[in-house]
Each structure stands twice: as C-alpha cells, then as structure tokens.
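For any residue, its number in our numbering is found by taking its place in the sequence shown, counting from 1, and adding 2. Following: one structure in structure tokens, then a few remarks.
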Amino acid sequence: MLNKESDIIKVNTKMNFCYYVEKEVILEAIKDVINTNENILLMKEPEIVVNKNLSNLTISIDLKIKKLMNFCLSTKELIFLIEQKVFSLINNKPTNINLVFHGLENEDKL
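Quick look at the structure:
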C-alpha cells in the first residue's frame with residue numbers, strides 16, 4: 003500500500019476520471035529502459051521526485067558508460083526512451099531528467 007502521497011502520480015484523463023500510478027511502477031519502467039541498453043551501467047537507484055500537485059515528476063539517474071562510442075547519441079537515446087516510457091504511464095513527459103555521468107566503467111585501465 004502507499005506510504006505517503008508523494009508515492010503516487012495522479013493522471014487526469016479527458017473522460018471525467020483519473021487514475022493513480024505508483025512511483026515504484028515508474029521506477030521499474032526506468033530500470034527496464036536502462037537494463038536494455040548494454041552501454042549504460044546504473045550506479046545507484048534512480049531518484050524520482052513527485053511535484054506538489056502530484057501531476058508530474060523529476061528523475062535523477064547516476065550512470066557510467068561502458069564504451070565511449072557515441073556519448074551524445076547514447077544519452078539522447080536514453081532520455082528519449084525514458085520520456086516515452088514515462089509518457090505511456092502518466093500521459094505526460096517528466097518535468098526534468100537529470101543524468102549524472104560518473105565516467106567510463108573501466109576508465110582507470112585506459
């Protein structure tokens with residue numbers, strides 16, 4: 003069950019009803035997106051902060067890149083996929099996606 007209000011997102015529809023999405027569901031969806039990308043290594047649990055009126059969220063993700071092939075393309079693709087996944091759940095793109103880059107996975111061996 004929900005511990006507090008900040009654990010949910012309220013999704014209004016155009017059909018005179020609303021539904022709620024738990025923050026945990028969004029977190030699992032984000033992890034699925036990251037796990038499907040073989041070039042990205044998650045450093046810690048993504049942080050999700052729900053806004054005051056429970057209608058949107060901000061995401062912060064700490065990651066490392068496994069191979070420095072095309073950093074710009076990889077990050078743009080990751081942001082796009084996360085936006086699409088979140089949009090499919092809450093009918094809205096996240097307010098902000100903050101990617102914190104911690105370097106390459108094996109950069110000390112370079």
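Using N, Cα and C, we set each Cβ at its ideal position, and we do this for glycine too.
Non-local beta-carbon contacts of GLU85 in its own chain, meaning distances under 8 Å to residues more than five positions away in sequence, involve LYS95, PRO96, ILE99 in chain order.
THR60 carries a strand assignment under DSSP once its states are collapsed to helix, strand and coil.
Between LEU80 and LYS25, the alpha-carbon positions lie close to 19 Å from each other. Taking SER62 as reference, the option from VAL23, ILE28, TYR22 with the minimal CA-CA separation is ILE28. For PHE103, the uninterrupted beta strand (DSSP E) run begins and ends at 98 to 106, by DSSP.
For GLU107, the closest of LEU56, ASN58, LYS69, VAL13 by C-alpha to C-alpha distance is LYS69. Annotation for ASN14: the continuous beta strand (DSSP E) segment containing it runs 10 to 14. The shortest C-alpha to C-alpha distance from LEU91 to any of LEU43, TYR21, MET45 is the one to TYR21.
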